[in-house]
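Numbering (my numbering), first residue to last: 327 to 752. No residue lacks a Cβ here, since even glycine has one placed at the ideal position from N, Cα and C. The structure displayed is predicted, hence computed values, not measured ones. First up is the structure itself, then whatever we jot down about it.
What follows is the structure, given as structure tokens:
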């Protein structure tokens, strides 16, 4: 194990510990036999190192020999015992107050609420190659600029007709080609920062101004993201501005009436209804759209400005671990008013994130507003493959024309809640 690189040791140690969790004998053992270890806050580590050094330490009883799996020699870092791993639930939901470690972003957190959603998962591994070949064979020269400009209205009409067909198909597919999934609203422990995560969510404030209000230190997680554990001691130690208001933190631990009231008041803004996912060339894009409300005019007419927020997670699932960098974003936004808007820019949220061995995922949130009660968004990211450092032994370098590739963003709906119109935020 010590001969492996640091990142491979972490992954190998995690796999070994997970195999222990699924062992039929260990499932009958007490929780104290599986311990969760994290780097101590006193250890001087970068964010990247802290995430990599988060490790599982398992102690098994007969017939499995006693073992401890560490990602690094104990002399290099001081580990802190924070709790004991709990059994992973397959069909049941985690209750509010469940402590966990995020499998992807490595932070500690506590569950606030769970939501039943519909997952629309689509893979474009086969179609991406055809699309790339088609775009490469299309001639684009400077001399044809005038003809391209003249054809833009026709192309726009064709896009509108195509999107109307997609809308009808999407309506027919809703409820049939989706799979049920569970997502959680959680609190994030701010002692575990991760530069690849832009946590928090936004909502329209009471005052009638064009700004939005950000609630930080909260996140949305899928059921498979959670690695549950039982804290070593009570009260639970957590650095979060909302934790004291939302939970009774003592020997008797549980949600407060304030949490229940807040969840009820904000239920339409917090509810996860649909999750859209698509994978292109081992890059998976997951989108969670949320309707925030409307401003000006009536709740349903075209004079009102309707607001949505969306959370996007990008994950590099390449088994070879080849890093990629997000260079550009390209969006198309269709409005029920019959217009299509095109947006293009460098990176996302002011960054060009790299998805590699240290941080294979990146998550952010953004906003869109339309003068219509519903619409659709779709697009793509322009990605660049990077040479791994150090180079992978035996890897064949790619030609320059294969270093850049496009990753599709799934078509997702911008709509109000199925249970009824939300209307304006008062």
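Reference residue i, options the options, closest by Cα
i, options, result
"residue 523", "677, 742 and 713", "677"
"residue 617", "644, 662, 645 and 693", "693"
"residue 647", "672, 681, 667 and 439", "681"
"residue 671", "652, 430 and 742", "652"
"residue 423", "607, 514, 429 and 573", "573"
"residue 421", "556, 526 and 688", "556"
"residue 430", "518, 503 and 742", "518"
"residue 583", "592, 594, 593 and 571", "571"
"residue 546", "620, 661, 669 and 436", "436"
"residue 675", "434, 636, 566 and 605", "636"
"residue 711", "592, 634, 605 and 642", "642"
"residue 632", "709, 594, 742 and 669", "742"
"residue 669", "738, 703 and 411", "703"
"residue 679", "661, 709 and 662", "709"
"residue 581", "412, 738, 411 and 425", "425"
"residue 634", "527, 412 and 666", "527"
"residue 738", "685, 673, 661 and 713", "661"
Integer Cβ distance of residue i from residue j, believed to fall under 8 Å
i, j, result
"residue 615", "residue 740", "6 Å"
"residue 655", "residue 707", "6 Å"
"residue 658", "residue 705", "6 Å"
"residue 511", "residue 596", "6 Å"
"residue 438", "residue 585", "7 Å"
"residue 513", "residue 569", "6 Å"
"residue 687", "residue 640", "7 Å"
"residue 520", "residue 432", "6 Å"
Cβ-Cβ distance between residue i and residue j below 8 Å
i, j, result
"residue 638", "residue 733", "no"
"residue 561", "residue 576", "yes"
"residue 550", "residue 509", "no"
"residue 601", "residue 507", "yes"
"residue 538", "residue 441", "no"
"residue 736", "residue 613", "yes"
"residue 427", "residue 558", "no"
"residue 404", "residue 603", "no"
"residue 619", "residue 530", "yes"
"residue 683", "residue 645", "no"
"residue 505", "residue 552", "no"
"residue 515", "residue 565", "yes"
Buried or exposed by the 16-neighbour rule on C-beta atoms within 10 Å, applied to residue i
i, result
"residue 477", "Because residue 477 carries a pLDDT of 41, less than 50, the predicted location of this residue cannot be relied on, and the following value inherits that uncertainty. Label assigned to residue 477: exposed."
"residue 384", "Because the pLDDT at residue 384 is just 38, under 50, the model does not fix this residue reliably, and the value given afterwards should be weighed accordingly. Buried."
"residue 406", "exposed"
"residue 417", "exposed"
"residue 590", "exposed"
"residue 443", "buried"
"residue 622", "exposed"
"residue 503", "exposed"
"residue 629", "exposed"
"residue 525", "buried"
"residue 388", "Reliability fails at residue 388, whose pLDDT of 30 lies under 50, so the model's placement of it is uncertain and no value is given."
"residue 288", "Nothing can be reported for residue 288: it is not among the residues displayed for the chain, which extend from 327 to 752."
"residue 411", "buried"
"residue 397", "Residue confidence is low: residue 397 scores 40 on pLDDT, short of 50, so the model does not pin down where it sits. Its coordinate-derived value is still stated next. It counts as buried."
Heavy atom of the ligand SAM within 7 Å of residue i beta-carbon
i, result
"residue 572", "Looking at this structure, you won't find the ligand SAM or any other ligand, since it has none at all."
- Message: Which runs of the alpha helix (DSSP H) at least 4 residues long sit entirely within the segment 580-650? Give them in chain order.
- Response: If you keep only unbroken alpha helix (DSSP H) runs of at least 4 residues inside the segment 580-650, you get 583-591 and 593-596.
- What runs of the beta strand (DSSP E), each 3 residues or longer, lie entirely inside the segment 655-743? Those beta strand (DSSP E) runs which fall completely within the segment 655-743 and span 3+ residues are 666-672, 687-696, 701-711 and 730-740.
- Message: In chain order, what are the residue ranges of uninterrupted alpha helix (DSSP H) at least 4 long that sit wholly in the segment 506-581?
- Response: Runs of the alpha helix (DSSP H) spanning 4 or more residues and lying entirely within the segment 506-581 occur at 569-572, in chain order.
- Task: Just list the beta strand (DSSP E) runs in the segment 401-455, keeping only unbroken ones of 3 residues or longer that don't cross its boundaries, in chain order.
- Result: 405-411, 425-428 and 434-449, all fully within the segment 401-455.
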